[in-house]
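Residue numbers (our numbering): 141 to 364. The beta carbon of each residue, even a glycine, is placed where N, CA and C say it ideally should be.
Next up, the structure:
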């Protein structure tokens, strides 16, 4: 696929705005499109679950061009799950290494897609913060969401990341259908054990066409 036409916008202004609001200038890119997971609330339930990856060489060439053209303070890999394919990811890390490219960056991934070699490569590549869609500390709620995630695994991988000097960011979703006080208590306990460097909360909301919407649509309509 062609690279984004970044020259179509005033990039100097874009970078300056990022730096003014976030302290660092940043350029976004993606290495893949789509997510094969089936979380009940996610918009991918509407748009499909196909996953298409670019070649490691093409992405590395784009990073080299971004650095030479804009030299941003950081990159933001906007993939849904940046390390979803460990073999591809390690090959990509090798491409950056061969080119002598190391730019600080943030990304999003899943705990079950983080192995020791992947975490080591993230640190070598310049990852300073990785966001995990933890969503809940209640295994019951995670299973209801069809997250295919394990609370203990999230906690363990958070510690592994931090041991490599990578900050951990977490997304937490509150108010999912069926959530009880004990589930909220479990989430607080989970955050205390994981000790993320930063976490953001959102409220569960049904996107039309998702499994979650179908499950709660009658309740949503009845309260309009």
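Q.
Here's the rule: buried if 16 or more other CB atoms are within 10 angstroms of the residue's CB, otherwise exposed. What is residue 149?
A. Numbered from its first residue, the chain shown carries residue 149 at position 9. Within a 10 Å sphere around the beta-carbon of residue 149 sit fewer than 16 other beta-carbons, which makes this residue exposed.
Q.
Counting beta carbon pairs with one atom in the region 160–171 and one in the region 212–225, are three or more of them shorter than 8 Å?
A. Flag = yes, the region 212–225 and the region 160–171 touch.
Q. Touch check for the region 269–279 and the region 289–306: three-plus C-beta pairs under 8 Å?
A. Under the 8 Å Cβ criterion, the region 269–279 counts as touching the region 289–306, having at least three qualifying pairs.
Q) Using the beta-carbon count (16 or more within 10 Å), is residue 315 buried or exposed? A) In the chain shown, the residue the question calls residue 315 occupies position 175. Burial call: exposed.
Q. Are there 16 or more other CB atoms within 10 angstroms of the CB of residue 364, so buried, or fewer, so exposed?
A. What you label residue 364 is simply residue 224 of the chain shown in a count that begins at 1. Low confidence applies to residue 364: its pLDDT is 48, below 50, so where it sits in the model is not reliable, and the reading given next is rough at best. So residue 364 counts as exposed.
Q. Excluding five sequence neighbours on each side, which residues of the same chain lie with their C-beta closer than 7 Å to the C-beta of residue 231?
A. The residue labelled residue 231 in the question sits at position 91 within the chain shown. Within its own chain, the residues whose Cβ lies closer than 7 Å to the Cβ of residue 231, once the five positions on either side in sequence are excluded, are 196, listed in chain order.
(Q) Measuring alpha carbon to alpha carbon, tell me which residue in 237, 279 and 284 is nearest residue 263. (A) Position 123 of the chain shown, counted from the start, is the residue given in the question as residue 263. Cα-wise, what sits closest to residue 263 is 237.
Q: Please state whether DSSP places residue 172 in a helix, a strand or coil.
A: Sequence index remark: in the chain shown, residue 172 carries index 32 (1-based). Residue 172 falls in the strand class under three-state DSSP.
Q | 8 Å CB neighbourhood of residue 205 in its chain, flanking five on each side removed | A | Taking the first residue of the chain shown as position 1, residue 205 is located at position 65. The residues are 143.
Q. Should residue 175 and residue 221 be called a contact, given that it needs their Cβ atoms to be closer than 8 Å?
A. Reading the chain shown from its first residue, position 35 is the one you call residue 175. Reading the chain shown from its first residue, position 81 is the one you call residue 221. Yes.
Q. Can you name, in chain order, every residue of its own chain whose Cβ lies under 7 Å from the Cβ of residue 173, other than the five neighbours on each side?
A. Translated into positions along the chain shown, residue 173 becomes position 33. In chain order, 192 place their CB closer than 7 Å to the CB of residue 173, counting only its own chain and leaving out the 5 sequence neighbours on each side.
Q: Go ahead and pull the three-state DSSP assignment for residue 306.
A: Translated into the one-based positions of the chain shown, residue 306 becomes position 166. In the structure shown, residue 306 sits in coil (DSSP, three-state: anything other than H, G, I, E or B).
Q: Measure the Cβ-Cβ separation of residue 308 and residue 302 and say whether it is below 8 Å.
A: Taking the chain shown and counting its residues from 1, one reaches residue 308 at position 168. Taking the chain shown and counting its residues from 1, one reaches residue 302 at position 162. The Cβ atoms of residue 308 and residue 302 sit closer than 8 Å to each other.
Q) Using DSSP with H/G/I as helix, E/B as strand and the rest coil, what is residue 229? A) Residue 229 sits at position 89 when you count from the first residue of the chain shown. Of the three classes helix, strand and coil, the one that applies to residue 229 here is helix, per DSSP.
Q) DSSP three-state call for residue 356: helix, strand or coil? A) As a first step, residue 356 must be located in the chain shown, where it is residue number 216. In the three-state DSSP reduction, residue 356 falls in the helix class (H, G or I).
(Q) Considering only DSSP beta bridges, list what residue 249 is partnered with. (A) Working through the chain shown from its first residue, we reach residue 249 at position 109. Residue 249 is bridged to 272.
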